[in-house]
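Listed in order, the protein sequences are those of chains A and B. Okay, so the first sequence: first residue is 1 according to our numbering, each after it adds one. Okay, so the second sequence: first residue is 300 according to our numbering, each after it adds one. C-beta atoms are modelled at their ideal positions from N, C-alpha and C, and glycine is treated no differently. Notes follow the structure.
Number of protein chains: 2
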Amino acid sequence: MEFELIRLASKIFGAKREDVIVGAGEDDCAVVRVGRSNLVLTADNLHEKADFPPGMLPEEMGHMALAVNLSDLAATGAKPLYFLYTITLREASKDFFVRVLKGMKALAEKYDVAVVGGDIDFGDELFISGFAIGTADRYVTQSGAKPGDKVCLTGLLGKAQLSLEQLFSGIDRNEIAYPKSLFTPEPKINEGVEIARHANAMTDISDSLAVSLNLIAEKSKVGIVIYEDILPLDHLTPYVDEKKALELFLYAGGDYELVYTSSQCTHGFEVGEVVEGSGVWIEGKHGRNKVEFRGYTHF
Amino acid sequence: MEFELIRLASKIFGAKREDVIVGAGEDDCAVVRVGRSNLVLTADNLHEKADFPPGMLPEEMGHMALAVNLSDLAATGAKPLYFLYTITLREASKDFFVRVLKGMKALAEKYDVAVVGGDIDFGDELFISGFAIGTADRYVTQSGAKPGDKVCLTGLLGKAQLSLEQLFSGIDRNEIAYPKSLFTPEPKINEGVEIARHANAMTDISDSLAVSLNLIAEKSKVGIVIYEDILPLDHLTPYVDEKKALELFLYAGGDYELVYTSSQCTHGFEVGEVVEGSGVWIEGKHGRNKVEFRGYTHF
Numbered sequence: 001m002e003f004e005l006i007r008l009a010s011k012i013f014g015a016k017r018e019d020v021i022v023g024a025g026e027d028d029c030a031v032v033r034v035g036r037s038n039l040v041l042t043a044d045n046l047h048e049k050a051d052f053p054p055g056m057l058p059e060e061m062g063h064m065a066l067a068v069n070l071s072d073l074a075a076t077g078a079k080p081l082y083f084l085y086t087i088t089l090r091e092a093s094k095d096f097f098v099r100v101l102k103g104m105k106a107l108a109e110k111y112d113v114a115v116v117g118g119d120i121d122f123g124d125e126l127f128i129s130g131f132a133i134g135t136a137d138r139y140v141t142q143s144g145a146k147p148g149d150k151v152c153l154t155g156l157l158g159k160a161q162l163s164l165e166q167l168f169s170g171i172d173r174n175e176i177a178y179p180k181s182l183f184t185p186e187p188k189i190n191e192g193v194e195i196a197r198h199a200n201a202m203t204d205i206s207d208s209l210a211v212s213l214n215l216i217a218e219k220s221k222v223g224i225v226i227y228e229d230i231l232p233l234d235h236l237t238p239y240v241d242e243k244k245a246l247e248l249f250l251y252a253g254g255d256y257e258l259v260y261t262s263s264q265c266t267h268g269f270e271v272g273e274v275v276e277g278s279g280v281w282i283e284g285k286h287g288r289n290k291v292e293f294r295g296y297t298h299f
Numbered sequence: 300m301e302f303e304l305i306r307l308a309s310k311i312f313g314a315k316r317e318d319v320i321v322g323a324g325e326d327d328c329a330v331v332r333v334g335r336s337n338l339v340l341t342a343d344n345l346h347e348k349a350d351f352p353p354g355m356l357p358e359e360m361g362h363m364a365l366a367v368n369l370s371d372l373a374a375t376g377a378k379p380l381y382f383l384y385t386i387t388l389r390e391a392s393k394d395f396f397v398r399v400l401k402g403m404k405a406l407a408e409k410y411d412v413a414v415v416g417g418d419i420d421f422g423d424e425l426f427i428s429g430f431a432i433g434t435a436d437r438y439v440t441q442s443g444a445k446p447g448d449k450v451c452l453t454g455l456l457g458k459a460q461l462s463l464e465q466l467f468s469g470i471d472r473n474e475i476a477y478p479k480s481l482f483t484p485e486p487k488i489n490e491g492v493e494i495a496r497h498a499n500a501m502t503d504i505s506d507s508l509a510v511s512l513n514l515i516a517e518k519s520k521v522g523i524v525i526y527e528d529i530l531p532l533d534h535l536t537p538y539v540d541e542k543k544a545l546e547l548f549l550y551a552g553g554d555y556e557l558v559y560t561s562s563q564c565t566h567g568f569e570v571g572e573v574v575e576g577s578g579v580w581i582e583g584k585h586g587r588n589k590v591e592f593r594g595y596t597h598f
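The structure is reproduced here in structure tokens:
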């Protein structure tokens, strides 16, 4: 449903002005031309019931709100510059508010992002919307993948969802496998800027590798084949069986790694290749099977 | 409480980079320098229970989400260029979503604003956060008012709140006094850009004239005197008595007019003057009385 609505929005706001290079719903970010700069713009919405794992600290909520937006900029190869947020608080607690902002600030300082604005109000559920602005000399979209490209990943997948499932099964947050992946995922800012120098297509993995690759395949009008025997699952198999590990790797979200296609995997490792045709496929001991357009980030 | 939290946020994000000219919580918008352009940035959050009057149409919600952000840009004297939104829908209704976006689009086209991005999810309450970007050669803040300046208003006040109170008293939305002020307020975009050429201080009136003038007085370190006998109340007195009309004019919000201080009132009319000292005062048949720091936009 979400993707259907995005397509609708893209149609409604489709007529583009000359200065709008990448418009609404087309990609991870919009790209517009102001003066001599390519401005890269993105907006992301988080709310308690859908996006914050149980037991998440206020500092981690602030971190997360900024991280998901920076990850979109990274996916386009942009250097982040500015961030604004809107926040709806459940209670007029100064302490809670300050802790959210401190989490945001710590991540902002790490990547030299200036938090320049915010809007605060009160309601029944905690909401944080974020808006990030960056610049890019060369930006990369989801639509440039070419047959012959390698498909590369900046890091391991499935860690956030594995940790979330452990949390839901009653394991304490100090005992889950990858708490950092779940509570304070790191946007791949520097990697994104460097990869953008050579990649033909790129996106981040917020929903799942499956969703990201299907978007690249669809928009680039190519096929993608993933090779099962080169997918690293060793970080998952101590906790789940191999079938579940593969499911997590392909269909789980929340790790905020980058997937890109290029002639070379300069960052991270290779998982497959771009081919003529359409669709996303996994080749392994069970033959060649379709990788479906689905993910599960929200709980 | 909201203003206290804004001050806290301003302190937390206070250390400014060289390219940040007006930072978090300082004014209606942030102003940053990218290349040779002054980018003007703002974010505003609206949600159903606090910001949308009963019976508001989806198109009007879309209009409102964009209008409040454009009004902030107008208050800084910026020409609007781009808009992004995040929306949380209560139900997966394509029709509702499309109507919200069409309302947004109609206003966007009127002022040549490109809607370049959005994020869509689902929850228990309708939320729309907006993020607007503009540019300004000369921008105006709340902190430049000078003793001797005239205090000017671009239009009449109290119409939105009067109409809201009529609605709550059971009057049909087709019969209330100023439905356009309540449901589709018009941001003063062109006025803002023109006024910015000469004004010393400016802001929009989202909460109330009282809040806006107190912010200008506080940040400009001046006093402001409003003259009761020149305040136009004729648009309110057919519906309420004179005391209530004055209360609405001073303390009601939602009309999204601009208030500015300058040597000349080029747009709209004069309501008072900037003086040495501090505080906001109203001078009239009951002598000189303090204009309190309060408003009531939310219901």
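Could you name the residues that DSSP lists as bridge partners for residue i?
{"i": "PHE426(B)", "result": "HIS346(B) and THR387(B)"}
{"i": "GLY279(A)", "result": "GLY223(A)"}
{"i": "MET202(A)", "result": "TYR260(A)"}
{"i": "CYS152(A)", "result": "TYR260(A) and GLU270(A)"}
{"i": "ALA252(A)", "result": "TYR296(A)"}
{"i": "ASN337(B)", "result": "ARG332(B)"}
{"i": "LYS378(B)", "result": "THR434(B)"}
{"i": "GLY583(B)", "result": "GLY586(B)"}
Flag residue i as yes if its beta-carbon sits less than 9 Å from any beta-carbon of chain B, otherwise no.
{"i": "THR203(A)", "result": "no"}
{"i": "LYS110(A)", "result": "no"}
{"i": "LYS219(A)", "result": "no"}
{"i": "ALA50(A)", "result": "yes"}
{"i": "ARG17(A)", "result": "yes"}
{"i": "GLY148(A)", "result": "no"}
{"i": "ALA9(A)", "result": "yes"}
{"i": "MET61(A)", "result": "no"}
{"i": "ILE12(A)", "result": "yes"}
{"i": "ALA67(A)", "result": "no"}
Beta strand (DSSP E) containing residue i: first to last residue?
{"i": "VAL240(A)", "result": "That residue, VAL240(A), is in no beta strand (DSSP E); it is neither H nor E in DSSP."}
{"i": "GLY144(A)", "result": "That residue, GLY144(A), is in no beta strand (DSSP E); it is neither H nor E in DSSP."}
{"i": "ILE120(A)", "result": "114-122"}
Could you pull the start and end residues of the alpha helix (DSSP H) that residue i belongs to?
{"i": "GLY322(B)", "result": "From DSSP, GLY322(B) is part of no alpha helix (DSSP H); its letter is neither H nor E."}
{"i": "LYS589(B)", "result": "LYS589(B) -> not in any alpha helix (DSSP H); beta strand (DSSP E) instead, spanning 586-589."}
{"i": "LYS458(B)", "result": "458-467"}
{"i": "SER208(A)", "result": "Element bounds for SER208(A): n/a, residue is neither H nor E."}
{"i": "PHE96(A)", "result": "94-110"}
{"i": "LYS11(A)", "result": "2-12"}
{"i": "ASN489(B)", "result": "488-494"}
{"i": "LYS16(A)", "result": "Run containing LYS16(A): none; DSSP gives neither H nor E here."}
{"i": "PHE183(A)", "result": "179-183"}
Leaving out five residues on either side along the sequence, give the residues of the same chain with a beta carbon under 6 Å from the beta carbon of residue i.
{"i": "GLY117(A)", "result": "LEU84"}
{"i": "ALA459(B)", "result": "SER480, LEU481, GLY553 and ASP554"}
{"i": "GLU569(B)", "result": "LYS449 and CYS451"}
{"i": "ARG389(B)", "result": "LEU425"}
{"i": "VAL414(B)", "result": "PHE382 and ALA407"}
{"i": "ASP27(A)", "result": "THR141 and GLN142"}
Report all residues from its chain with a CB closer than 7 Å to the CB of residue i; omit the five preceding and five following residues, and keep chain order.
{"i": "ASP342(A)", "result": "In the structure as shown, chain A starts at 1 and stops at 299, and residue 342(A) therefore has no counterpart that could be examined."}
{"i": "PHE97(A)", "result": "LEU89"}
{"i": "SER336(B)", "result": "THR434"}
{"i": "PHE312(B)", "result": "GLY322 and ALA323"}
Any beta carbon of chain A sitting closer than 9 Å to that of residue i?
{"i": "VAL331(B)", "result": "yes"}
{"i": "CYS451(B)", "result": "no"}
{"i": "GLY571(B)", "result": "no"}
{"i": "VAL439(B)", "result": "no"}
{"i": "GLU527(B)", "result": "no"}
{"i": "LEU463(B)", "result": "no"}
{"i": "GLY600(B)", "result": "No answer is possible for residue 600(B): it lies beyond the span of chain B, which begins at 300 and ends at 598."}
Should residue i be counted as a contact of the ligand MN given a C-beta to heavy atom distance under 8 Å?
{"i": "ALA544(B)", "result": "The ligand MN is absent from the structure shown, which contains no ligands of any kind."}
Can you list, in chain order, the residues of its chain whose CB lies under 8 Å from that of residue i, leaving out five sequence neighbours each side?
{"i": "ASP423(B)", "result": "ARG389"}
Q: Mind checking the stretch 112-124 of chain A against chain B and listing, in chain order, the residues whose C-beta falls within less than 7 Å of any C-beta there?
A: Going along the stretch 112-124 of chain A in chain order, one finds ALA114, VAL115, VAL116, GLY117, GLY118, ASP119, ILE120, ASP121, GLY123 and ASP124 with a Cβ nearer than 7 Å to chain B.
Q. Taking Cβ-Cβ distances below 7 Å as the criterion, which residues of the stretch 470-497 of chain B are in contact with chain A?
A. Of all residues in the stretch 470-497 of chain B, none has a C-beta nearer than 7 Å to a C-beta of chain A.
Q. When Cβ atoms are compared, which residues of the stretch 71-97 of chain A fall closer than 9 Å to chain B?
A. Hits within the stretch, in order: LEU81, TYR82, LEU84, TYR85, THR86, ILE87, THR88, LEU89, ALA92, LYS94 and PHE97.
Q) What residues in the stretch 424-437 of chain B have a beta carbon less than 8 Å from any beta carbon of chain A? A) In summary, the residues of the stretch 424-437 of chain B whose CB is separated from some CB of chain A by less than 8 Å are GLU424, PHE426, SER428, PHE430, ILE432 and THR434, in the order they occur in the chain.
Q) Using a beta-carbon distance cut-off of less than 7 Å, what residues from the stretch 580-591 of chain B approach chain A? A) none
Q: Name, going along the chain, the residues of the stretch 35-48 of chain A whose beta-carbon falls closer than 8 Å to a beta-carbon of chain B.
A: GLY35, ARG36, SER37, LEU39, LEU41, THR42, ALA43, ASP44, ASN45 and HIS47
Q. Which residues, in order along the stretch 535-551 of chain B, keep a beta-carbon less than 8 Å from a beta-carbon of chain A?
A. none
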